[in-house]
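Colleague: First the structure, then my questions, so here it is.
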Amino acid sequence: MAKSNVGKKPISEEEYTTNKVLTVFSICLLGVLVLMIVQRLLDYGNTWATGMLVSQILLGIGVLGVICGVVLLVRETSGKRAAVRRILCGRNVLIASIVLVLAMAAILYLGTGPIKLLYVVLPVLAVYYLVYHSYAREFFLIAVDTGVGVGLMWLVHRAVDSANHVWMAYASLGAAIVLTVVQLICVATLRGKNGKITYRGKKANLSFSRNAYTMLTITPLLMAVLVVAVLFAPAYILFAMGIAAAYLFITAVYYTVKLM
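First residue of the sequence shown: 3, per the numbering used here; consecutive thereafter.
Spelled out as structure tokens, the structure:
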């Protein structure tokens, strides 16, 4: 029987992006399930040792993954291995392994406290990854601004409630102000150059629409104002977070409609 001369059809960019997003969501879901098992093991005295052993094994897997990621990245950089449209490329393996190492190291040294934070961080990372690949660049930046703002509000509220960590509240406020100033400078610079910049001799076009420049100016200012409000009126943190969530929801609806 004659062999077919028809080659395998290369995967399209859209299919590759879809596969990446599904992979990230699957890994984050698996991560949450693993964290639930680890927390249950560490919560009981008769299974605590088993939980520590599982955490150490996962830490070891993460370290091996980092080494593997570095090797793959070196091979891809030298041209010995193609990384185009590959999910298991050096960069992806390295990033996933670093996250695993940091998570397990935090659990081994701090106990089950970081697990509750990871329950939130992993799904948020998956959602941000979806937004990055599905929406306009400016909406991704708006979502990042809002997420950072909400995180700083939470830190300010926790710091104000603890008399020994009031300095953290002012440090969070300082971070909000610095990030706002940096973004305003970047937005003004991009607007002045019509989004055309040169980095290491390579030209890049980062232009946005006129409305996008306005939104990228308003968003960090709004988040900074809400952080200040939580600092001086910590009892209204839910109200401040509600404003941030409503702002993000309305913006998401706007950009979703634009995709149609």
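Beta carbons are placed, not taken as given, at the ideal position from N, Cα and C, and that holds for glycine. Remember, it's a predicted structure, so these values are computed and weren't measured experimentally.
#1: For residue 187, which residues does DSSP report across the bridge?
#2: Thinking just about the alpha-carbon of each residue, which of 30, 35, 159 and 253 is nearest to the one in residue 237?
#3: Between the region 175–184 and the region 225–241, are three or more C-beta pairs nearer than 8 Å?
#4: What distance in whole Å lies between the Cβ atoms of residue 37 and residue 120, which are believed to be in contact at a cut-off of 8 Å?
#5: Just verifying my parser: in three-state terms, what is the DSSP assignment at residue 199?
#6: Is it true that the CB of residue 148 sits closer than 8 Å to the CB of residue 246?
#7: Just how far apart, CA to CA, sit residue 175 and residue 235?
#8: Report the three-state DSSP secondary structure of residue 85 (helix, strand or coil).
#9: For the alpha helix (DSSP H) that residue 163 lies in, which residues bound it at each end?
#10: Are residue 60 and residue 53 touching if we call contact CB-CB under 8 Å?
Modeller: In brief:
#1: None, per the DSSP bridge assignment.
#2: 159
#3: Result yes; three or more Cβ-Cβ pairs closer than 8 Å.
#4: 6 Å
#5: For residue 199, the secondary structure class from DSSP, reduced to helix, strand or coil, is strand.
#6: yes
#7: 13 Å
#8: coil
#9: Its alpha helix (DSSP H) spans residues 139–163.
#10: no
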